[in-house]
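Each step along the sequence shown adds one to the number in the working numbering, with nothing skipped, and position 88 is 88.
Just so you know, even glycine gets a beta-carbon here, dropped at the ideal spot from N, CA and C.
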Amino acid sequence: MQTRYPIGVFDSGYGGLTVLKDIVNKLPQYDYLYLGDNARTPYGNRSFETVYQYTLQCVKWFFQQGCPLVILACNTASAKALRTIQQNDLPDIAPDKRVLGVIRPTAEIIGTLSETKSVGILATQGTVISESYPLEIARFFPGLKVYQEACPMWVPLIENNEHQGHGADFFVKKHLHNIFEKGETIDVLLLACTHYPLLREKIEEHLPLVVKLLSQGKIVADSLADYLLRHPEIESRCGKTGLREFYTTDSTQDFDNHAAIFYGAPVISRHVDIESVIN
Ligand code: DGL
């Protein structure tokens with residue numbers, strides 16, 4: 001029998017903790033369960049099928065844990081797996097539960113922040129190839145120019161704690177150069193990967209002053225608050241006991257050592273072997 005009903009927050013690794021941090025600040029009254037699929041990270045260069053299968057397994061695990069609502073705090077999983085899970089899987093496996101992503105809330109507001117009507121999306125290869133941002137943004141802001149740049153080295157630099165070193169300068173400059181070459185008039189640059197806020201300082205060092213750098217944590221937190229207000233049938237089922245639990249599919253020691261940098265507070269995690277508990 002279930003004894004807890006936390007909101008699930010998922011990422012391929014640590015990145016989702018940057019979102020969880022803002023969610024917890026905005027909505028401290030709810031219970032939260034975080035899962036990082038560190039054993040299989042990064043997702044960014046993997047195929048649609050693989051990202052979908054991994055994400056679905058993790059979503060099923062969250063449901064087993066009692067979560068009425070799961071946030072995919074990972075752009076890659078939101079881009080490659082969310083729609084299929086919402087449309088094809090949920091009606092069968094858990095019609096009364098919900099899974100939300102991070103792309104739509106961002107797409108809904110990004111056009112309001114640009115004066116030049118020209119925005120840049122920095123993301124993983126998988127998110128860029130999926131075209132999810134240009135497609136989703138066009139629904140809310142037709143005519144807004146959207147330029148994308150895949151930054152495949154940024155997640156490995158961050159996951160390996162090299163984001164403050166000289167290697168990071170090289171790859172940050174390279175991708176900023178590329179995106180401004182594509183769109184000279186960009187005045188809003190979105191960090192469309194939940195790992196990238198860790199590179200914020202480095203990016204700002206190399207960014208023209210007029211460009212706004214946008215990360216997703218607060219946007220997703222505001223959007224979740226709004227969703228819970230509009231959906232009392234889900235909100236009433238979310239636990240409110242102050243629970244914060246962290247799980248990783250890899251070493252808990254590594255997770256705890258790294259996670260605090262992303263979450264901004266100490267983390268003590270537990271291990272779960274997803275493939276052995278979900279098939
Ligand atoms: N944090 C994930 C995202 O927002 C990407 C990390 C990965 O490549 O696994 O896209």
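Could you give the C-beta distance for residue i and residue j, rounded to a whole number, given that I count them as a contact under 8 Å?
i, j, result
"Ile71", "Gly13", "That pair is no contact at about 15 Å."
"Pro42", "Val211", "Not quite, the Cβ-Cβ distance comes to about 26 Å (not below 8 Å), so this is no contact."
"Val59", "Val220", "In fact, because the Cβ distance is near 17 Å, the residues do not count as touching under 8 Å."
"Gly349", "Thr194", "The first residue shown for the chain is 1 and the last is 279, placing residue 349 beyond what the model contains."
"Tyr196", "Leu82", "That belief does not hold up - the Cβ atoms of Tyr196 and Leu82 are roughly 19 Å apart, past 8 Å."
"Leu292", "Ile203", "Residue 292 lies beyond the stretch modelled for the chain, which goes from 1 to 279, so this question has no answer here."
"Leu198", "Phe262", "7 Å"
"Lys174", "Gly126", "Not quite, the Cβ-Cβ distance comes to about 19 Å (not below 8 Å), so this is no contact."
"Ile103", "Glu136", "6 Å"
What residues are listed by DSSP as bridge partners for residue i?
i, result
"Val99", "Val70"
"Phe10", "Leu35 and Leu72"
"Tyr196", "Answer by DSSP bridge pairing: none, since Tyr196 is not bridged."
"Arg270", "Tyr247"
"Ala150", "Ala123"
"Leu90", "DSSP, once it has assigned bridges, lists no residue as partnering Leu90."
"Val188", "Val119 and Lys212"
"Lys145", "Ser118"
Could you check if residue i belongs to the surroundings of the ligand DGL, using beta carbon to heavy atom distance under 8 Å?
i, result
"Pro105", "no"
"Ser12", "yes"
"Asn75", "yes"
"Tyr43", "yes"
"Ala123", "yes"
"Cys193", "yes"
"Thr252", "no"
"Val99", "no"
"Thr248", "no"
"Gly126", "yes"
"Val102", "yes"
"Gly120", "no"
"Val220", "no"
"Gly15", "yes"
"Val155", "yes"
Would the beta-carbon of residue i fall within 9 Å of that of residue j?
i, j, result
"Phe10", "Leu35", "yes"
"Gln47", "Ser132", "It should be pointed out that residue 47 corresponds to Ser in this sequence rather than to Gln. Not closer than 9 Å, so no."
"Gly285", "Tyr30", "Summary: the structure shown does not reach residue 285, with the chain confined to residues 1 through 279, and so no result is reported for it."
"Leu157", "Gly143", "no"
"Leu190", "Val119", "yes"
"Asn75", "Thr124", "yes"
"Tyr147", "Ile186", "yes"
"Ala39", "Thr249", "yes"
"Arg98", "Ile278", "no"
"Pro6", "Leu33", "yes"
"Glu149", "Val128", "yes"
"Ile93", "Phe140", "no"
"Gln216", "Thr106", "yes"
"Ala192", "Lys21", "no"
"Thr3", "Gly66", "yes"
"Ile110", "Val188", "yes"
"Glu201", "Gln164", "yes"
"Phe246", "Ala259", "yes"
"Ile268", "Asp37", "no"
"Ser223", "Glu108", "yes"
"Leu207", "Leu176", "yes"
So residue i is in the alpha helix (DSSP H); what residue range does that whole segment cover?
i, result
"Val172", "His166 to Lys182"
"Val24", "Gly16 to Lys26"
"Lys56", "In the sequence as presented, Lys is not what sits at residue 56; that position holds Leu. Segment Phe48 to Gln64, the alpha helix (DSSP H) holding Leu56."
"Thr252", "Thr252 to Tyr263"
"Arg280", "Since the displayed the chain opens at 1 and closes at 279, residue 280 lies outside it and no answer follows."
"Glu233", "Pro232 to Glu235"
For the beta strand (DSSP E) containing residue i, name the first residue and the last one.
i, result
"Gly307", "The first residue shown for the chain is 1 and the last is 279, placing residue 307 beyond what the model contains."
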